[in-house]
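Working notes, structure below.
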Amino acid sequence: MTRAQWEAITSTVKGTNKCVAAAAIIDSPWIPGYCGCSFLDFYCRPDIWFEDYKKVHNDFPTVSFLPDWWVEYGMAAEPSGFGARIRFSDDNMPTVYPVIDSQDKIGEITASLPDPDPRADGLMPLILNMQRMHMPRIEEIGEIVPMVCARGPFTIASHLLPMTDLLISVMEEPEVVLKLLRKTTRLVIRWLQAQLESVRTAEAVMVLDDVCGFLDADTFLRTAFPLFREIFDAFPGMIHMFHNDTPRDSCYPFLDAMGVDIFNFSHGIDIGSVRRAVGERVVLMGNVPPMSLSRLTPEEVYSESKRILHRYCDVNGGPGGLLLSVGGGVPMGAKGENLRAVIRAADEFNAKLLP
0 MTRAQWEAIT
10 STVKGTNKCV
20 AAAAIIDSPW
30 IPGYCGCSFL
40 DFYCRPDIWF
50 EDYKKVHNDF
60 PTVSFLPDWW
70 VEYGMAAEPS
80 GFGARIRFSD
90 DNMPTVYPVI
100 DSQDKIGEIT
110 ASLPDPDPRA
120 DGLMPLILNM
130 QRMHMPRIEE
140 IGEIVPMVCA
150 RGPFTIASHL
160 LPMTDLLISV
170 MEEPEVVLKL
180 LRKTTRLVIR
190 WLQAQLESVR
200 TAEAVMVLDD
210 VCGFLDADTF
220 LRTAFPLFRE
230 IFDAFPGMIH
240 MFHNDTPRDS
250 CYPFLDAMGV
260 DIFNFSHGID
270 IGSVRRAVGE
280 RVVLMGNVPP
290 MSLSRLTPEE
300 VYSESKRILH
310 RYCDVNGGPG
320 GLLLSVGGGV
330 PMGAKGENLR
340 AVIRAADEFN
350 AKLLP
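Under numbering that gives the first Met the number 0, read the sequence shown as residues 0 to 354, first letter to last.
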């Protein structure tokens, strides 16, 4: 991302940007297939990773990709710090195997799990080293990395034990599972702090946690809210982005108080309803259906993008506080012409706003 693109994002957060930027979360579900390489080459060959990101930037120069230049191994980084087994493949993201195989072992195994050191444990130190290696090359071509990322405490926990067991335990044995969630929360904070040491241009943190979206509102407020508030409070003065594309609105009323500045959310909920539920301050990033980029025609994607823009303005009273994007990340198989259709909708919309 260029400095000018990042300033357009920050001005949207400040409420001074009168136009709508096109933005997208991109990472390994989409980039290897789009660029014609294997997942293993994308993960393990720094030259291919760098050239793939350059290609994406050259093909879509006006899109603000978030977090951008993201060194990641799917969902594997944080769970690997707890000793989770990771299985790689050529044609998909890594599979993460749980370290806790049943609900009745949560307390026992949690007590034996040491707090990971992101500078030494699992895949995280490899990512930190890659970030340090790539930063000079990224800056040489006039770009910055504006943001660092971590999976959230519930998503990390859902890879340490089966998700169903996690959610049942939150309801039935919260005092037991909270000990695990406290450990995953500490890792999120330490992991983001370690990345900020490697990525000196970063001015924002993103936390991605779909799993907390399965909680009802009361349980979210009681169990999840304090953990996310602790995470974002650890990074004062930075922009806080939260990704949760579960099609449920239980967390929406609490995002402002959590400290969220940008919210990437599901395409499955009307954008006008999201604006009303979230309040005026939080910037919304969405919510074109992700799979439309792989399944629909460019004209269909363009029409849906225009519909979302107009629906948002009808409820919001104008385009302020919106980043036009997909309701989630760009999916595997997304077509370039369909992403360009989203860009065209934003460009034409902005052209009518400018004098």
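Cβ atoms here follow ideal geometry from the backbone N, Cα and C, with glycine treated the same way.
query, result
"Excluding five sequence neighbours on each side, which residues of the same chain lie with their C-beta closer than 6 Å to the C-beta of Asp164?", "Gln102"
"Are the region 60 to 74 and the region 174 to 181 touching, with three or more C-beta to C-beta distances below 8 Å?", "no"
"Helix, strand or coil for Thr94 per DSSP?", "strand"
"My guess is that Val19 and Asn349 are in contact by the Cβ rule of under 8 Å, so how many angstroms apart are they, rounded?", "6 Å"
"Can you tell me whether Ile307 is helix, strand or coil according to DSSP?", "helix"
"Would you list the one or two residues that DSSP bridges to Glu158?", "Looking at the sequence shown, residue 158 is not Glu but His. Per DSSP, none; premise fails for His158."
"Let's test the definition: count the other Cβ atoms within 10 Å of the Cβ of Ser265 and tell me whether it reaches 16, buried, or not, exposed.", "buried"
"Just how far apart, CA to CA, sit Ile268 and Gly82?", "36 Å"
"Can you find the residues in the same chain that come closer than 6 Å, C-beta to C-beta, to His242, ignoring five residues on each side of it along the sequence?", "Leu207 and Asn263"
"Apart from the five residues just before and just after Thr245, which ones in its own chain have a Cβ nearer than 7 Å to its Cβ?", "Asp209, Gly212, Phe213 and Ser265"
"For Val147 versus Leu195, is the C-beta spacing smaller than 7 Å?", "yes"
"By a C-beta neighbour count over all protein chains shown, 10 Å radius and 16 as the cutoff for buried, is Gly278 buried or exposed?", "exposed"
"Can you round the beta-carbon distance between Ser149 and Leu191 to whole angstroms, since I take them to be within the 8 Å contact cut?", "According to the sequence as given, residue 149 is Ala; it is not Ser. About 5 Å; that satisfies the 8 Å criterion."
"Nearest to His170 by CA position, among Gln130, Leu125, Ile261 and Leu220, is which residue?", "Checking the sequence shown, residue 170 turns out to be Met, not His. Looking at the Cα atoms, Leu220 is the closest of the given residues."
"With three or more C-beta pairs closer than 8 Å as the rule, is the region 290 to 310 touching the region 333 to 341?", "yes"
"Are the beta-carbon atoms belonging to Phe231 and His239 less than 7 Å from one another?", "yes"
"Exposed or buried, what is His133 when buried is set at 16 or more other beta-carbons lying within 10 Å of its beta-carbon?", "buried"
"What are the complete beta strand (DSSP E) segments, minimum 3 residues, inside the region 254 to 309?", "261 to 264 and 282 to 287"
"On the three-state DSSP scale, how would you describe Ile167?", "helix"
"What are the start and end residues of the beta strand (DSSP E) that includes Val325?", "Leu321 to Val325"
"Considering only DSSP beta bridges, list what Val147 is partnered with.", "Val204"
"Could you give the first and the last residue of the continuous beta strand (DSSP E) run that contains Met240?", "Ile238 to Asn243"
"Measuring straight from C-alpha to C-alpha, what distance separates Gly316 and Val259?", "22 Å"
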